[in-house]
Structure formats: structure tokens, C-alpha cells
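Below is one structure, written out as C-alpha cells, with a few remarks after it.
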Amino acid sequence: MIRLATILLLLTAFAEARFTESDISTALAKAKKAHRPVFVDAYASWCAPCKELRKTTFKNKRVAAYLNNHYINAAIDVEKGNGMQFAEKYHIESYPTLLLIDENGKEVKRIEGFVDATELAQKLDMK
């Protein structure tokens, strides 16, 4: 019974996209090492649609697995610390803004506003 509970706990833990709260330079360093692009959730702490993304879209099993397997996921509060410089550099003007950034720091794709799991899957060309 304990084994089953442990397995269920582990499966639940992996049922959401894993984001690190970091600055872009840390995420890019990881991306270069892993040869993966960076998926950035640029958010503000007060933003209701940003919170909804975390509660729903990023917990969708299919989306979570895709993000975790294909990207270095970074969540950046664009109203604090280095996040403000990030927002300026990448022209973040609305929340949430999701960015795909290659390992060299070049923006590849931008998604602005709340998207549900189906829409995000389409925009990311998930197969």
C-alpha cells in the first residue's frame, strides 16, 4: 500500500510543467548545456490569467510532458529584480507572455495572454 501511494505521489508530481524561478542568463546557460530552447513564462504576481495558466494549462499532462521534455522552463516575474530588465529587453507589455527563446537568447515565438492546454499545444506545434 505504501508503494502504491509513493507511485501515485510521483506520478502526480510529474503531471505539471516544472519551471525554475530564475533570470534569463541562468536559463540560457542551462539551455546551452542541454541544447534546448527556453520556454519562458513572463508573469506578474498580481496577474489573474498568469495564475490560471499555472493552475490549468501547465498542469495538463500532455502539455507538461512536452514542456518538460523539449524546453528549459523558466518563470520570470517581470516586475521584480532582473525580471524588469528581461521585460525591457524582450518588450513584454502584457501578461502573461510566453516566449520561446533559442539557446543564444533570440526570441523564436511569442504567445500573449491566457491560453488553454489545447491552444498552447497548437501554438507549440505539439505532435
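Numbering (mature numbering (1 follows the signal peptide of the UniProt record, and there is no 0)), first residue to last: -17 to -1, 1 to 110. Even for Gly, the Cβ is constructed at its ideal location relative to N, Cα and C.
Residue j beta carbon less than 8 Å from that of residue i
i, j, result
"A57", "F2", "yes"
"R45", "A(-3)", "no"
"R19", "H74", "no"
"K15", "E86", "yes"
Bounding residues of the alpha helix (DSSP H) (the contiguous stretch that carries residue i)
i, result
"L107", "Neither: L107 is in no alpha helix (DSSP H) and is coded neither H nor E."
"F97", "No alpha helix (DSSP H) holds F97; DSSP gives it neither H nor E."
Assumed close pair residue i, residue j - CB separation to whole angstroms, cut-off 8 Å
i, j, result
"L81", "D24", "6 Å"
"D6", "I55", "About 13 Å separates the two Cβ atoms, so there is no contact after all."
"A10", "V21", "5 Å"
Nearest candidate by alpha-carbon position, reference residue i, set the options
i, options, result
"A(-1)", "H18, A10, P32, L36", "L36"
"S77", "T9, V46, A(-3), V61", "V61"
"K110", "A48, M67, D85", "A48"
"K106", "T40, A17, N65", "T40"
Extent of the continuous beta strand (DSSP E) to which residue i belongs
i, result
"A58", "55 to 60"
"I84", "80 to 84"
Beta carbon proximity, residue i to chain C, threshold 8 Å
i, result
"L36", "Here chain C cannot be found, since the structure has a single protein chain."
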